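Trainee: What follows is a structure written as structure tokens; I'll ask about it next.
There are 4 protein chains.
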Amino acid sequence: MKTDRLSVIVWNEYQHERENPAVRAIYPEGLHQCIADGLRDTPSALPGARPLTLGTATLDEPEHGLSEERLEACDVLVWWGHKAHAKVDDAVVERVQRHVLAGMGLVVLHSGHFSKIFRRLLGTNCSLKWREAAEKERLWVVEPSHPIAAGLPEHFELANEEMYGERFDVPTPESTVFISWFEGGEVFRSGLCWQRGHGRLFYFQPGHETYPTYYDPNVRRVLANAVQWAAPRVRIADRCPRVEPLETLSVKAGTFGSAGIVQRAEDLQ
Amino acid sequence: MKTDRLSVIVWNEYQHERENPAVRAIYPEGLHQCIADGLRDTPSALPGARPLTLGTATLDEPEHGLSEERLEACDVLVWWGHKAHAKVDDAVVERVQRHVLAGMGLVVLHSGHFSKIFRRLLGTNCSLKWREAAEKERLWVVEPSHPIAAGLPEHFELANEEMYGERFDVPTPESTVFISWFEGGEVFRSGLCWQRGHGRLFYFQPGHETYPTYYDPNVRRVLANAVQWAAPRVRIADRCPRVEPLETLSVKAGTFGSAGIVQRAEDLQ
Amino acid sequence: MKTDRLSVIVWNEYQHERENPAVRAIYPEGLHQCIADGLRDTPSALPGARPLTLGTATLDEPEHGLSEERLEACDVLVWWGHKAHAKVDDAVVERVQRHVLAGMGLVVLHSGHFSKIFRRLLGTNCSLKWREAAEKERLWVVEPSHPIAAGLPEHFELANEEMYGERFDVPTPESTVFISWFEGGEVFRSGLCWQRGHGRLFYFQPGHETYPTYYDPNVRRVLANAVQWAAPRVRIADRCPRVEPLETLSVKAGTFGSAGIVQRAEDLQ
Amino acid sequence: MKTDRLSVIVWNEYQHERENPAVRAIYPEGLHQCIADGLRDTPSALPGARPLTLGTATLDEPEHGLSEERLEACDVLVWWGHKAHAKVDDAVVERVQRHVLAGMGLVVLHSGHFSKIFRRLLGTNCSLKWREAAEKERLWVVEPSHPIAAGLPEHFELANEEMYGERFDVPTPESTVFISWFEGGEVFRSGLCWQRGHGRLFYFQPGHETYPTYYDPNVRRVLANAVQWAAPRVRIADRCPRVEPLETLSVKAGTFGSAGIVQRAEDLQ
């Protein structure tokens, strides 16, 4: 039965939280659970926002929790990964890519800039400068009319974040929603949108595992808006069909071309 | 020794010409040789066009003729492939991608829309509609001031081409240089530009192996312009460095950081 | 009282219909009324589509029917003009521009490509090739996932339209929703999107006054979708404020500043 | 006689320097002369850079020094204006716009964001935040392979500049070459490229009249690169021609359309 709810899966590699007590202290149930809680508790500021059906998935689950069946039913996938990018199965990456190209939304967070799925969809290295120094980040809203910026102030701050600095090696984004100022002197395009195939892709830079970023009300609002924005408009599986002409083709002699005698196309196949 | 010449490699899978007499009749020395001949014989209409040093490479050569050394010295790679996309070694594809991202130009021709390297750089399926019926194609110049259109008329025709029709599943191009009209009723964005990393990418739709497209003077001019346009501006290998702050960071209590003890989130709010 | 309805004004110069019996035979109540009827009768295929409150405005009304009050309350303005572009008051054009930049949507139809408001928002000549020969036009959907394409087939035809051909002198569009094939041999980017300020702008090429284009079900669906897509997300009047620093500025010698004594450049190097 | 030199005019309103001794102390011969000196003395880092023929023009000259003849011969116009935007004759603005659309390059500096010509070409308010506090600006190169960034370090600093902050109300730029970090906490897209018609447009934010910005070697290099990048590729005056069909049109009965009896198109004109 078709429902009006938006089905969201929050994926997390879920490694730091189990290995590092400092991270676990902030995210005792895992980053994915905190992000999902934020989506549950934060109403999107967008008119017509749809209610969410939330699920999570992690690296250690079979197929990383991203079976064909789950992705088929998923509207928007949120992705957090960092130290275990290489452990993500290529078959699952291709599956996620196929669903994004067919229409599924994808929200990639922070160190997910180096995830297989992000690099595969964008085609570039996705490299950047970085520094882990608990420094102040101020995010400026560059496109106040973008749905992802709905309900946000002109800028907001995170007292402690990892610095990500330009140049960020990504294709020219279709929308630059946020640009960040860092205390240490760098800038970063911290909220970027692309379309790939029929799917929408949003990258959001904040969210280092040693800081409580995903409890921040503004960050939560960004993510609440982002899943609404990334919701599929269509779901079209790929085809590359041979098609019949719509107009009558001119009749030609049994040869064509100007540089040599060749047979009709059907003879050549 | 740094030289002012532009080093171009024309790559061809070189299968049809050896298997199909009709194709061999048109391209007796292979599509790659005809394309290279065209580049040699067709002066670019661009001011400041650099002279070319031309080479070729084919699938059956070791490493498909695309060793690290050759790519290191290559400014622009031209790619024709069709039936053997799957036989191209993934390691070579990654190597080509790395060089494109560092600055090498790439010109992808016709059925190369389904090549591994094109799909990898763009991230989409690159699917389209098609029909092989030796029909008329008329290419319209949409951006007369684009370097790739230099010296071309407002439109030009190919008497016999394979129809490629929309929707072409590629990311929104940065420039649409040509849009084609087909006798059978379809349209196609037939000359498209993107930048990926520091490299430039041009896709040009005409060039089916059963038609003498690469002898056409306008097609040759397009390719002559394209290799000039795609020439590297820089050659920068990827890095993702940790950097020191440029400004003095505020002193904080010793609670945050990658390996440190952090407070619980609730204490931070 | 804030309402969920979308307020749409269809503007028409309303000259041809009163002067030319052949046009009046097709559009007896004016193009604006037919377009408004279409919007009223055609449900948008978009999920979450808002009901419309429809109005019209014409050139001969005071302030062309576009007073500050009406525009203030208007969400999306639809524009049809042709022979009387020069008669549109510059003050009204500036008013419309101001409202678009603040967030109001604008849908420009057919010969509106040469309207003052379209050229003012885009900054280019907006010129093209044309021919009035009642020829067949086939519109191809290039972006099936774009909201404006919702519910449309892969292509649809108009038996009789005025040909508009490339090059269309507009800035690179942010989305190309439709590309048209014309019987006479031309192509045209016939459905294009831009954002200007906080407002969205859609140009749709079909709609010559001597053909019954605005009765076509597919055309009506395009317009029904377009007004939904163009609906404002925000309404922000322009400001260019002086702002206080958010961070403490370094103390400098009292030599710089707007009215202060500055040193000679050679001393500063 | 066609020459290989690039003809550049530096336009300046030339008001501050004559009214304010502090400004005159920095730019005794006017901002235009300092900018022209920089262009003369700074070789572009671009391969194939063309030698320059430099001229200047100011507000108080007849036709602001921008006669049809001068613009006809001009390849790239550099524009500095601030307090006298309103005094620039609309006829001259239209003339400059016409030449840009035909292919002439335009480099708009600093407070030129509010010039008539910039707003007319972009269609938006071009508003921003600002603060005049002699604070540090650090420009980050976001596109190292862009010609305008040739020869520049990853970032460079200006010890004293006017702060310009986001949101900058301009259409999404085609290239973002620089993003600036300001000491006071703001960010700004400080080097932006667009194409309008056949002409290229570059906006560069630094250059307040009370600071010696145009003596800075990196700023000078940016401008030297920018005039090379903005050089015309074509010079095409606008036309909107009626054209004959390229294909045979189907013969139709003397009526067409589905909603009423109308005459053939030629009868309707």
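Line by line, the protein sequences give chains A, B, C and D.
Taking our numbering, I'd label the letters of the first sequence as residues 1 to 269.
Taking our numbering, I'd label the letters of the second sequence as residues 270 to 538.
Taking our numbering, I'd label the letters of the third sequence as residues 539 to 807.
Taking our numbering, I'd label the letters of the fourth sequence as residues 808 to 1076.
Using N, Cα and C, we set each Cβ at its ideal position, and we do this for glycine too.
Everything numeric in this text was worked out from a predicted model, so none of it was measured.
Would you say the stretch 652–671 of chain C touches the stretch 626–637 of chain C, given that touching needs at least three Cβ pairs under 8 Å?
Mentor: Yes: the two stretches touch, three or more of their Cβ pairs being nearer than 8 Å.
Trainee: Interface residues of chain A around residue 391 (chain B) at Cβ under 7 Å?
Mentor: 123
Trainee: What does residue 1050 (chain D) reach in chain C if we use C-beta pairs closer than 9 Å?
Mentor: 667, 668, 669, 701, 703, 722, 724
Trainee: Determine the direct distance from the alpha carbon of residue 379 (chain B) to that of residue 193 (chain A), and round the result to whole angstroms.
Mentor: 29 Å
Trainee: Looking at C-alpha atoms only, which residue of A:179, A:155, A:174, A:36 is the closest neighbour of residue 273 (chain A)?
Mentor: Past the edges of chain A, shown from 1 to 269, lies residue 273 (chain A), and the structure says nothing about it.
Trainee: Could one say the Cβ of residue 717 (chain C) lies closer than 8 Å to chain B's Cβ atoms, at least one of them?
Mentor: yes
Trainee: Excluding the 5 residues flanking residue 566 (chain C) on each side, which residues of the same chain have their C-beta closer than 8 Å to its C-beta?
Mentor: 555
Trainee: To which residues does DSSP link residue 296 (chain B) through a beta bridge?
Mentor: DSSP lists no partner for residue 296 (chain B).
Trainee: Can you tell me whether DSSP reads residue 860 (chain D) as helix, strand or coil?
Mentor: strand
Trainee: So, helix, strand or coil for residue 482 (chain B), using DSSP?
Mentor: helix
Trainee: Can you name the start and end residues of the alpha helix (DSSP H) that residue 366 (chain B) belongs to?
Mentor: 359–371
Trainee: Which residues in chain A sit within 7 Å of residue 772 (chain C), going by Cβ to Cβ distance?
Mentor: What residue 772 (chain C) touches in chain A: 144, 145.
Trainee: Would you please state the rounded distance, in angstroms, between the beta carbons of residue 860 (chain D) and residue 813 (chain D)? I believe it to be under 8 Å.
Mentor: 7 Å
Trainee: Using 8 Å as the limit for Cβ to Cβ distance, is residue 945 (chain D) near chain B?
Mentor: yes
Trainee: Relative to the C-alpha of residue 381 (chain B), which candidate in B:371, B:372, B:397 has its C-alpha closest?
Mentor: B:397
Trainee: Taking Cβ to Cβ, would you say residue 355 (chain B) is nearer than 8 Å to residue 504 (chain B)?
Mentor: no
Trainee: Please state whether DSSP places residue 383 (chain B) in a helix, a strand or coil.
Mentor: helix
Trainee: Tell me which same chain residues have a C-beta within less than 7 Å of the C-beta of residue 533 (chain B), skipping the five on either side of it?
Mentor: Because the pLDDT at residue 533 (chain B) is just 37, under 50, the model does not fix this residue reliably, and the value given afterwards should be weighed accordingly. Excluding sequence neighbours, residue 533 (chain B) sits near nothing in its chain.
Trainee: With DSSP run on the structure shown, which of helix, strand or coil describes residue 1014 (chain D)?
Mentor: coil
Trainee: For the alpha helix (DSSP H) holding residue 878 (chain D), just list the boundary residues, first then last.
Mentor: Per DSSP, residue 878 (chain D) belongs to the alpha helix (DSSP H) from 875–879.
Trainee: Can you grab the Cα-Cα spacing for the pair residue 580 (chain C) / residue 51 (chain A), in whole Å?
Mentor: Just so you know, the alpha carbons of residue 580 (chain C) and residue 51 (chain A) end up roughly 27 Å apart.
Trainee: Taking Cβ-Cβ distances shorter than 7 Å, what residues in chain B pair up with residue 871 (chain D)?
Mentor: Those within 7 Å of residue 871 (chain D) in chain B number zero; the least Cβ separation is about 26 Å.
Trainee: Does residue 419 (chain B) get closer than 8 Å to chain D when you measure Cβ to Cβ?
Mentor: Yes, residue 419 (chain B) lies at the interface with chain D (some Cβ there is under 8 Å from its Cβ).
Trainee: Using the Cα positions of residue 507 (chain B) and residue 492 (chain B), report the straight-line distance between them to the nearest angstrom.
Mentor: 29 Å
Trainee: Tell me which same chain residues have a C-beta within less than 8 Å of the C-beta of residue 531 (chain C), skipping the five on either side of it?
Mentor: Only positions 539 to 807 of chain C appear in the structure, and residue 531 (chain C) is not among them; the question remains open.
Trainee: Can you tell me whether residue 822 (chain D) is helix, strand or coil according to DSSP?
Mentor: coil
Trainee: With 9 Å as the C-beta to C-beta threshold (strictly closer), list the residues of the stretch 347–378 of chain B near chain D in chain order.
Mentor: 372
Trainee: I need the straight-line Cα distance from residue 956 (chain D) to residue 984 (chain D), nearest angstrom please.
Mentor: Going from the Cα of residue 956 (chain D) to the Cα of residue 984 (chain D) covers about 7 Å.
Trainee: Which residue wins for smallest C-alpha separation from residue 1058 (chain D), given the options C:630, C:697, C:733?
Mentor: C:697
Trainee: Could you check whether the Cβ of residue 48 (chain A) sits closer than 8 Å to any Cβ belonging to chain C?
Mentor: yes
Trainee: Could you tell me which of B:280, B:273, B:360 sits nearest to residue 539 (chain B), measuring between CA atoms?
Mentor: Because chain B in this structure spans residues 270 to 538, residue 539 (chain B) falls outside the shown range and cannot be described.
Trainee: Please decide whether residue 1029 (chain D) counts as near chain A, where near means a Cβ-Cβ distance under 8 Å.
Mentor: no
Trainee: What in chain C is Cβ-close to residue 198 (chain A), meaning under 8 Å?
Mentor: 682, 683
Trainee: Could you say which of A:76, A:240, A:182, A:229 lies nearest to residue 139 (chain A) if we only look at CA atoms?
Mentor: A:182
Trainee: Return the CA-CA distance between residue 257 (chain A) and residue 481 (chain B), expressed in angstroms with no decimal places.
Mentor: The pLDDT assigned to residue 257 (chain A) is 48, lower than 50, so where the model puts this residue is not dependable, and the model offers no usable value.
Trainee: With the cut-off set at 8 Å, would you say residue 423 (chain B) and residue 411 (chain B) are in Cβ contact?
Mentor: no
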